[in-house]
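Below you'll find the structure, written out as structure tokens, and then a few comments.
Residue numbers (my numbering): 1460 to 1809.
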């Protein structure tokens, strides 16, 4: 039985619906109190770590008291909108079958919310999950996935999208994976902190208050998991929420050889080409070493930049193996090198 199934069963036993107008009840304080009791209290047995499935097939059809309580909350328990489902499904685009996560987007649902955003979650077949924060109703802000094999290494999963604009809300969300963690606290560098209200199945979403917005933007936040005795058992530092490198190029020039692979979204096992820059002092030539040991010369521009398109019959060479770029001085001495492979291969577990 999944966490969601257990919640449904407990709610059925409570059976709070009386012979009054359903819509009137759903907006009442009683509905809010019931929802908070179901979601925030320890009313279900926590699943084993390797079985941390929050949703079983069909459970998204929330019925009875839970549906009414969810309606009173505004979003929790409701199905994910189409843009969120599409974005979650696109995570597998271009990947080979053995690397696909196959999130259950059909049953993705809202599991936590604030005034400015909603956290959606979808099950993975292996017992893991994917999460996505949405703002402006249904705008996806970046997904994060945790496989069943990763659950034991991630006491608390955290996702924190860069704000979409200077006045946009700062949102941090995730899920508690470790059974020792009873609650989550967000701490700020100015010494203040906020308790996090849990949503469904130990998912959570918090909005950074305006009073600490500046420190969160420049210094980030700290997410701490606390056990039943009030002790810190897990701490994760979230980096500054301000995007200091919108183009993603600030660190390129600091690498001896910077490489970016050129790929097609339809097949991420292929490498169509490589581009970047050679920044190592004294480098005059660049060589591509294929996984089979053959090589190809890459021309360097006067500023050290390069772009090399790989022949079509060799674009699959990096699907499961790494190639290397080697920079040399005029006398042939190696001064720097860097390895690369396809996007698909980079996602494989070592």
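Quick reminder that beta carbons are idealized off the backbone N, C-alpha and C, glycines included.
Because the structure is a prediction, the values reported are computed rather than measured.
*In chain order, what residues of the same chain lie with their CB nearer than 8 Å to the CB of residue 1509, ignoring the 5 residues before and after it?*
Counted from its first residue, the chain shown places residue 1509 at position 50. Note that residue 1509 has pLDDT 24, beneath the 50 cutoff, so the model's placement of it is unreliable and the number below is only indicative. For residue 1509, where only same-chain residues beyond five positions count, the Cβ hits under 8 Å are 1586, 1607, 1610 and 1611.
_Using CA atoms only, rank isn't needed, just tell me which of 1625, 1768, 1544 and 1727 is closest to residue 1598._
Residue numbering aside, residue 1598 sits at position 139 when the chain shown is read from its first letter. Answer by Cα proximity: 1544.
*residue 1495 by DSSP, collapsed to three states: which one?*
Position 36 of the chain shown, counted from the first residue, corresponds to residue 1495. Any answer about residue 1495 is weak, because its pLDDT of 44 lies below 50 and its placement is not dependable; what the coordinates show is given next. If DSSP states are grouped into helix, strand and coil, residue 1495 belongs with the helices.
*Would you grab the beta carbon distance between residue 1618 and residue 1632 for me? Rounded to a whole angstrom, and I think it's under 8 Å.*
Locating residue 1618 in the chain shown gives position 159, counting from the first residue. Locating residue 1632 in the chain shown gives position 173, counting from the first residue. Contact between residue 1618 and residue 1632 is confirmed by a C-beta separation of about 6 Å, below the 8 Å threshold.
_C-beta contact flag for residue 1601 and residue 1620 at 7 Å_ = One-based indexing of the chain shown puts residue 1601 at position 142. One-based indexing of the chain shown puts residue 1620 at position 161. Yes, these two residues count as a Cβ contact at 7 Å.
*Beta-carbon separation of residue 1786 and residue 1778 under 7 Å?*
By one-based count along the chain shown, residue 1786 stands at place 327. By one-based count along the chain shown, residue 1778 stands at place 319. No, the Cβ-Cβ distance between residue 1786 and residue 1778 is not below 7 Å.
*Close-in-space but distant-in-sequence residues of the same chain around residue 1743 (CB under 8 Å, 5 per side omitted)*: Here residue 1743 corresponds to residue number 284 of the chain shown, with the count starting at 1. Cβ neighbours of residue 1743 beyond the five flanking positions: 1759, 1787, 1788 and 1789.
*Alpha-carbon to alpha-carbon, residue 1723 and residue 1776*: Here residue 1776 refers to the residue found at position 317 of the chain shown. Here residue 1723 refers to the residue found at position 264 of the chain shown. Taking the straight line joining both Cα atoms gives about 15 Å.
_Just verifying my parser: in three-state terms, what is the DSSP assignment at residue 1653?_
The residue you call residue 1653 lines up with position 194 of the chain shown. When secondary structure is reduced to three states using DSSP, residue 1653 falls in the strand class.
*How about residue 1580 and residue 1564: do their beta carbons lie closer than 7 Å?*
Numbered from its first residue, the chain shown carries residue 1580 at position 121. Numbered from its first residue, the chain shown carries residue 1564 at position 105. Against a cut-off of 7 Å, the Cβ pair of residue 1564 and residue 1580 comes out as no contact.
_CB contact flag (residue 1830, residue 1800, <7 Å)_ = The structure shown does not extend to residue 1830, since the chain is modelled only from 1460 to 1809, so the question has no answer here.
*Proximity to residue 1641 [Cα-Cα], best of 1673, 1740, 1689 and 1576*: What you label residue 1641 is simply residue 182 of the chain shown in a count that begins at 1. Nearest of 1673, 1740, 1689 and 1576 to residue 1641, Cα basis: 1689.
*Quick one: what's got a C-beta closer than 7 Å to residue 1468's C-beta in the same chain, skipping five residues either side?*
The residue given as residue 1468 occupies position 9 in the chain shown. Because the pLDDT of residue 1468 is 40, which lies under 50, any placement of that residue in the model is unreliable, and the number read from its coordinates should be weighed accordingly. So the list is empty, once near-sequence residues are dropped.
_DSSP three-state label for residue 1681, please._
Within the chain shown, numbered from 1, the residue matching residue 1681 stands at position 222. Of the three classes helix, strand and coil, the one that applies to residue 1681 here is strand, per DSSP.
*Please determine, among 1588, 1552, 1623 and 1613, the residue with the shortest C-alpha to C-alpha distance to residue 1705.*
For the purposes of this step, residue 1705 is identified with residue 246 of the chain shown, where counting begins at 1. When each option's Cα is compared against that of residue 1705, the closest is 1623.
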